[in-house]
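Residue numbers (my numbering): 40 to 105.
See below:
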């Protein structure tokens, strides 16, 4: 069971990286006008990724206690 936790963290980290790369490509095509909105979107992506990761870890911890 000790293997599950690092795998969950790695999965969440990969999701965050994929979202950041996707947003970078999207806003690179939009030009320099959308810099502020792109920073906001990257911030939201990071929050969402780490939020999902923390939620998964909490569920895993509760599940292993039962």
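Built from N, CA and C at the ideal position, the CB exists for glycine as well.
- Looking at the backbone, the Cα of residue 54 and that of residue 101 are separated by about 23 Å.
- Restricting attention to 96, 104 and 59, the CA atom closest to the CA of residue 46 is found in 96.
- Pairing residue 82 with residue 51 gives a Cβ-Cβ distance that is not under 8 Å.
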